[in-house]
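Report on the structure given below.
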Amino acid sequence: MIRPSTVCKATDHIQQMIALIKRLEEGGHTYISGGNVYFSIDSIPDYGKLARLDLESLRTAVREDVEADDNKRNSKDFVLWFTNSKHGEQAMMWPSPWGRGFPGWHIECSAMSMHYLGESFDIHCGGIDAIPVHHTNEIAQSEAATGKPWVKYWMHGEFLLDETGKMSKSKGEFLTLSLLKSKGFDPMDYRYFCLGGHYRSQLKFNFDSLSTARTARTNVYDRVQNLLKDGAKQVTLASEHALSSQRAFMEHIQNDLNTPRALADLWGVLKDDRLSSDEKYSLVLLFDQVFGLRLSSITAPEKETFPPEAEALLLKRVQAKKEKNWALADSLRSELDAMGYLVKDTPSGSSLEKKM
């Protein structure tokens, strides 16, 4: 898989978290109670806007095993910094203006994203289960601190399901790449499987579906390799038909990242006889900048060698076709077939292939 440009640890950014909490404190958005620093949701006018929360109807505890926090002024207030946790002594604690302790669950995401991306950035992803609490609180603390919108576009992925329901670590039913590879699958098979479903729709996983995705991905690879075998190269798209294919793909990507339709565009290009091999290959590489299927890593197969007499017959047939001597061309094709070779005629020329 493609590695992110930055991999950061929360423990390396404690000072950024403390600085952000101090900024919130200076803005009047915090209070201290029971030894902990809390964010007051009543200090901002639009808490819960992402999830369209009805604050009057929310229960204090989502799960029965979550105890109410009597230190809160409002049941939806949340901890920015703990110095007195109900969980007792923590293995990792740091000094702060409020005492030795550790950050709350939400502050690290705001502090770290602002450190690397600035106070506002374009896209924030996550699972749909993070909307009502974690992402809601991230927005609250970030926008309270800066006074401006934090994220332009939120993209929340639906759950991956197995035969029994939602797949999760806690159920012991979590997929790993090592598991897939041990069963003979390439990581790109799983990527293709995921691209086949819209990110906001639940996707049901089973190994039969993954096998189907593997077959489809392999067919894509084979078609791209055949283009390279025919001498295809990357070119600047110029024909209206090629540009129209590119526009259709971009429209589907820009329409809420509609990857199922975009995959259909990829297949449409590969099967389109109105596109040249160069145009097909160029469009495939453009599309794969979004898909990440590593199609640019595909290379042409090593050129097969054939007996001199077969090569001579092929050249003679090419000349016959140039002279429009179709009877001789057909006769030479039959002769090569009897020797165990197929003749492939393509826009880039004629070639031999061993019969299976």
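Be aware that the sequence shown starts at 1, since it is given in the UniProt record's numbering, and climbs by one per residue. All C-beta atoms in this analysis are idealised placements derived from N, C-alpha and C, irrespective of residue type, glycine included.
By the neighbour-count criterion, in which 16 or more other beta carbons inside 10 Å mark a residue as buried, G104 falls on the buried side.
Comparing C-alpha distances from K49 to each of G88, W154, S244 and L175 shows the shortest one belongs to W154. Assigned with DSSP and collapsed to three states, V7 falls in coil, not helix or strand. G268: member of the alpha helix (DSSP H) spanning T259 to K271, first to last residue. Here DSSP, grouped into helix, strand and coil, assigns Y192 to helix. Counting the other Cβ atoms within 10 Å of the Cβ of N137 gives 16 or more, which makes it buried. Of the residues assessed, G118 falls on the exposed side of the cut-off, its CB having fewer than 16 other CB atoms within 10 angstroms.
Straight-line measurement puts the Cα of F249 at about 8 Å from the Cα of R261. For the pair E158 and L266, the Cα-to-Cα distance works out to about 24 Å. Following the DSSP letters along the chain, one finds N226 inside the alpha helix (DSSP H) bounded by residues F207 to K229.
Under the three-state reduction of DSSP, S350 is assigned to strand. N258 and R247 have their C-alpha atoms spaced approximately 14 Å apart.
For W326, the enclosing alpha helix (DSSP H) has its first and last residue at W326 to A338. Per DSSP, reduced to three states, the secondary structure at F185 is coil, with no helix or strand assignment.
Looking at the DSSP output, K344 bridges to S351.
Taken through DSSP and simplified to helix, strand or coil, P149 comes out as coil.
If you keep only unbroken beta strand (DSSP E) runs of at least 3 residues inside the segment 113-144, you get 121-127. Looking at N325, R73, L80 and D46, the one whose alpha-carbon comes closest to that of N36 is L80.
Contact between the segment 282-290 and the segment 183-194 is absent: fewer than 3 CB-CB pairs across the two stretches fall below 8 Å.
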